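For the sequence shown, the numbering used here gives the first residue as 740, with consecutive numbering after it.
Each residue gets a CB set at the ideal place from its N, CA and C atoms; glycine is no exception.
Since this is a predicted model, take the numbers as computed values, not measurements.
Here is the structure we will look at, set down as structure tokens.
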Amino acid sequence: MAASSAWFRSVTWSRRPSVASNSSSISWNATSRADMADTANLHFPILDDIARDLAGDVNFPTCLDAAILVRNTLKDPFAELAQVAKVISVEPLICSKLLRMANSIAYNPYGREVTDVATAVSRLGLDVVRTTSLAVALDQMLKSRNLRAYEPLAKQVWQHSIQVAAIARVLARRLGRLNPDEALLAGLVHDIGIFYLLYRAADYPFYQIDPDALQALLIGWHESTGENLLHALGMPETIIDAVRDHDQPSNVENPFTVKDMIYFANLLASRDETEIPGTPLAPDTPRQQHDRERYADLLAEAADDVAQLQHALAG
């Protein structure tokens, strides 16, 4: 209890409101400590439960456990291909998705069929394996029983995440400053806090009958929840930083870090609606409109990446 309460207090007072002028940002009224305290009191039961989860075993579908095991195995510079393949084979869904990708035109232009996991890993590369494993896990989380009550909302947020991931990868590829697959991964998980909050909200009927309370929970706590969840899952600090600050203004004139790219990709992807459906869009500032126009061709290029990712995740 002490550990979870300490985490809860740190999240409560570290959460920052988004800047209203950012069309991809979420604005809310908790701009004072008193307002934030009221919000925290309203949501204390679920936030306290989440704190307990993150202080111990994270309560997520088993597919995510498999994805994290894959990532941890790949962190070992001495891990052999057979060892990696063995870990992947434990989760049939991840295994089948990687085989499908390895046999796709993008990775198999000459039509030489891949039938074993080790060859698929060798053909795809470790970065793709890492990212795809997590993407499959998140996609499966959407289909879990806990998210059925919020399925339309969860699907919209997931499509937004895929688009942000694709734009971030294209941006990284074009600028040549970051690993495109790292940018893709950050994009896929930048709203993982929303999914986790929805997943846990299924245990609280209060949120199903009060959409405003649910929206306030997501708006006020998705970044902090995502940050702490990724810490618990052992994600790299660069990814965690990007998730924590993805609604906070960043450098779009000369994007240089993963955080910059996720912020900008989120801005471009949110041109028609916010990342949390139902929240109002603020009008673009002249600078934001300029940035959108400057990188408008990114959206067309990213559309192919979105289609590829959706195909890879298709049943």
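Review point. How big is the Cα-Cα spacing for residue 963 and residue 903?
Key: 19 Å
Check your understanding: If you count every other CB in all the chains shown that lies within 10 Å of the CB of residue 805, and 16 or more means buried, which is it?
Key -> buried
**Study point:** At least three beta-carbon pairs within less than 8 Å, the segment 1035 to 1049 to the segment 902 to 919
**Key:** yes
Check your understanding: If you run the structure through DSSP and keep just helix, strand and coil, what is residue 896?
Key -> helix
Review point. Looking only at its own chain, which residues have a Cβ that is under 7 Å from the Cβ of residue 981, when we skip the five neighbours before and after it?
Key: 925, 929, 997, 998 and 1001
Review point. CA-CA distance, residue 908 and residue 921?
Key: 8 Å
**Study point:** Own chain residues within Cβ distance below 7 Å of residue 945, not counting five before or after
**Key:** 952
**Study point:** Separation of residue 793 from residue 1057, as counted between CA atoms
**Key:** This structure gives no information on residue 1057, because the portion of the chain shown stretches from 740 to 1054.
Point to revise | Candidates 816, 875, 815 and 782, of which the one nearest residue 836 by Cα | key: 875
Review point. If you check the beta carbons only, do residue 885 and residue 943 fall under 7 Å apart?
Key: no
Check your understanding: Ends of the alpha helix (DSSP H) at residue 977?
Key -> 976 to 983
Point to revise | Residue environment, residue 899, which counts as buried when at least 16 other CB atoms sit within 10 Å | key: buried
Review point. Does the segment 863 to 882 come close enough to the segment 806 to 820 to have 3 or more Cβ pairs within less than 8 Å?
Key: yes
Check your understanding: Where does residue 847 sit, in a helix, a strand or coil, going by DSSP?
Key -> coil
Exercise for review: Measure the C-alpha to C-alpha separation of residue 987 and residue 1032 and round it to an integer number of angstroms.
Suggested key: 21 Å
Point to revise | Ranges of the alpha helix (DSSP H) found wholly within the segment 933 to 959, counting only runs of at least 4 | key: 944 to 948
Exercise for review: Can you say whether residue 872 is buried or exposed, counting buried as having 16 or more other CB atoms within 10 angstroms of its CB?
Suggested key: buried
**Study point:** Rounded straight-line distance, which links the Cα of residue 1041 to that of residue 913
**Key:** 11 Å
Review point. Does the beta carbon of residue 888 come closer than 7 Å to any beta carbon on chain B?
Key: Checking the listed chains, one finds no chain B in this structure; it contains a single protein chain.
Review point. For residue 933, which of 784, 780, 973 and 789 has the nearest alpha-carbon?
Key: 789
Point to revise | Integer-rounded CB distance, given that residue 853 should sit under 8 Å from residue 847 | key: 7 Å
Check your understanding: What's the C-alpha gap between residue 893 and residue 782?
Key -> 20 Å
Point to revise | residue 853 - DSSP class collapsed to helix/strand/coil | key: coil
**Study point:** Unbroken alpha helix (DSSP H) run spanning residue 917, endpoints
**Key:** Here residue 917 belongs to no alpha helix (DSSP H), and DSSP marks it neither H nor E.
Point to revise | Nearest-angstrom Cβ-Cβ length linking residue 961 and residue 923, presumed shorter than 8 Å | key: In fact, because the Cβ distance is near 20 Å, the residues do not count as touching under 8 Å.
Practice item. May I ask you to report which of helix, strand or coil DSSP gives residue 889? Key: helix
Check your understanding: Between 827, 1004, 791 and 780, which lies nearest to residue 808 when the distance is taken from Cα to Cα?
Key -> 827
Review point. Any idea if residue 1034 is buried or exposed, counting beta-carbon neighbours within 10 angstroms, 16 or more meaning buried?
Key: buried
Review point. Going by other Cβ atoms of all chains shown within 10 Å of its Cβ, with 16 needed for buried, is residue 830 buried or exposed?
Key: buried
Exercise for review: Just the C-alpha distance for residue 931 and residue 965, rounded to the nearest angstrom, thanks.
Suggested key: 5 Å
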